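The numbering of the sequence shown is the numbering used here, which starts it at 574 and goes up by one.
All residues carry an ideal CB built from backbone N, CA and C; glycine is no exception.
None of these values were measured; they are calculated from a predicted model.
Read the structure below first, then the notes.
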Amino acid sequence: MRIAIVGAGFTGSLAAARLLQRSRQPGRIQLIDRRGHFGPGLAYSTGNASHLLNVRAGNMSALADDPGHFVRWLEERLRDGDAGDIEGAGALAFVSRTLYGRYIQDVLADARRLAAAEGGPELETVYGDVVRVEPLSGGVTLHFAGGQTLDADRALLCLGNFPPVAPASVLEQPALAAAYIDDPWRPGAFDRIGEQDSVAIIGAGLTMVDIALMLNDQGHRGRITALSRRGFLPFEHAPATAVPAAPELLAEPVTARGLLRQIRAVAGDGSNWRGVIDGLRPVTQTLWQAMGIGERQRLMRHLRPYWEVRRHRMAPSVAARIAAMLEAGRLDIRAGRILGIERAGEHIALHHAPRKASAPETLRVDWIVNCTGPQSDYGRIADPLVRDLLAAGHARPDPLRLGLDVTPACRLINAAGQPVETLIGLGPVTRGNFWEITAVPDIRTQVARIVDDLVDGLADRA
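What follows is the structure, encoded as structure tokens:
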């Protein structure tokens, strides 16, 4: 068994761990990452204690068949005094993303030791940039930027999230580049922002929340303005009892309007809306896959903004800090549409049309940060591997351009509409088929299903 995994963030590292745990055949698993950072990935490497997970510890196990694994790991760290600041306790705790990154590294290390002890496959970590994959009969060849090649039986593409694409006015004006931060997670991205500099953040979701808190922690005291189409801020986590999805929801033809109607009916007076949303988690992917393309488009266009701020919520302490910044006037959330961005002397002029206002307004700032979320339209992604996959016809974007088109078994679908058995997408790259596939609970389930089937299939072939 020879498996190559492209991308060593959460999804790729979890896939490697699952392969090591499940396969008892000698073989080779090569975990490849262009940054040479194996385990946490960007999401869990921020190094900022204010960046908390937005899911409670009880639902953050990396192991689909051991839901209490992360809580036990956390309790061991607490006993050793090695867990840092934690909000809450046990399964209800919210912990830092950096601490969770350490957990993923431990999961991978434990799986590696288990495989070595039981005669399973070996894990090799490879620091390199894969720029091309070449599917062959029964296998695949990976080509690296330096000219090296690597052969494998299967390639798992765990590409994670890509930075958002800049607004057109930024792309058209190179003079704006010095004051525009395209990737808020790039190391050192905020080093040049002065203490009193004004900052405009495009987007008002959880990434904006993280960046606002990070700037505050770094001593920034200038004005921060977040601008999004609707000006929605993520809601806060609060105690809630999950309400299982009504059986008729799946029995009927699934439509965006029908889904909204059912949610409203179950939510009643709205006092337990969190429980209603949480109760949909186990069936969200099933509902999505039961919809036709037209209904998926309607959901994305009309319901997605309302779903996102309720589905992806802030930890209570994070919400309290954001509320304090709003109250102090240091953070302002605005609803509106960007009309254009241009250099205005020493500042940047951001022209926007405020929601429910009759006239455009101009916001003058020193910096602009793009927090609109990952770019999912693979046709607009400049990554060499993605471009080659599409150009060579080995992959195609899904119909909604949320990722790459894949089969239910996560095999890439090529330009001719045929599955490519040797190329497997995992995690956010498969969002078009699964929609909810960016959070740990969803990814761990997908990884377990696909990897277990892969191990069984290769064992039968051996």
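TODO: Identify, in the order they occur along the chain, each residue of the same chain with its Cβ nearer than 6 angstroms to the Cβ of P747, setting aside the five sequence neighbours on each side.
DONE: none
Open item on the list: If the criterion is Cβ atoms closer than 8 angstroms, does the pair G776 and A799 meet it?
Closed with: yes
Task: Reduced DSSP secondary structure (H/G/I, E/B, other) of F1007 - done: helix
TODO: Along the beta strand (DSSP E) that carries F717, what are the first and last residues, could you check?
DONE: 712-717
Open item on the list: If contacts are defined as beta-carbon pairs under 8 angstroms, then T995 and G712 qualify, I think. What distance do you get, rounded to the angstrom?
Closed with: Confirmed, about 6 angstroms.
Task: Boundaries (first-last residue) of the alpha helix (DSSP H) holding Q858 - done: 857-863
Task: Supposed contact pair L729 and V959 - C-beta distance, whole angstroms, cut 8 angstroms - done: 15 angstroms between Cβ atoms; not a contact.
Task: Test item: CB-CB of M541 and L973 under 8 angstroms - done: Outside the shown range of the chain (574 to 1035) lies residue 541, about which nothing can therefore be said.
Open item on the list: Just to confirm, is the Cβ distance from D950 to P970 under 8 angstroms?
Closed with: yes
Task: Closest by C-alpha distance to G902, when choosing among T828, N943, L626, A785 - done: A785
TODO: Please report how far the alpha carbon of A718 lies from the alpha carbon of I605, in whole angstroms.
DONE: 13 angstroms
TODO: Figure out for me which residue from R608, N943, A590, H610 has the closest Cα to the Cα of I602.
DONE: The candidate whose alpha carbon is nearest that of I602 is A590.
Task: Contact belief for R907 with P927 at Cβ below 8 angstroms, rounded distance in angstroms - done: Yes, R907 and P927 are in contact; Cβ-Cβ is about 7 angstroms, under 8 angstroms.
Task: At least three beta-carbon pairs within less than 8 angstroms, the region 796-815 to the region 918-933 - done: yes
Open item on the list: Using DSSP's beta-bridge definition, name the partner residues of Y753.
Closed with: I941
Task: Assigned exposure category for R894 - 16 Cβ within 10 Å defines buried - done: buried
- [ ] Hey, could you find the ends of the alpha helix (DSSP H) G831 is sitting in?
- [x] 829-840
- [ ] Could you tell me if R794 is buried or exposed, where buried requires 16 or more neighbouring beta carbons within 10 angstroms of its beta carbon?
- [x] exposed
- [ ] Would you kindly work out how many angstroms separate the C-alpha atoms of T714 and P694, rounded to a whole number?
- [x] 20 angstroms
- [ ] With DSSP collapsed to three states, give me the class of P957.
- [x] helix
- [ ] Tell me whether the beta-carbon of I986 lies closer than 8 angstroms to the beta-carbon of I1023.
- [x] no
Task: A642 to N789 span [Cα, whole Å] - done: Correcting the residue type first, residue 642 is His in the shown sequence and not Ala. So the alpha carbons of these two residues sit roughly 34 angstroms apart.
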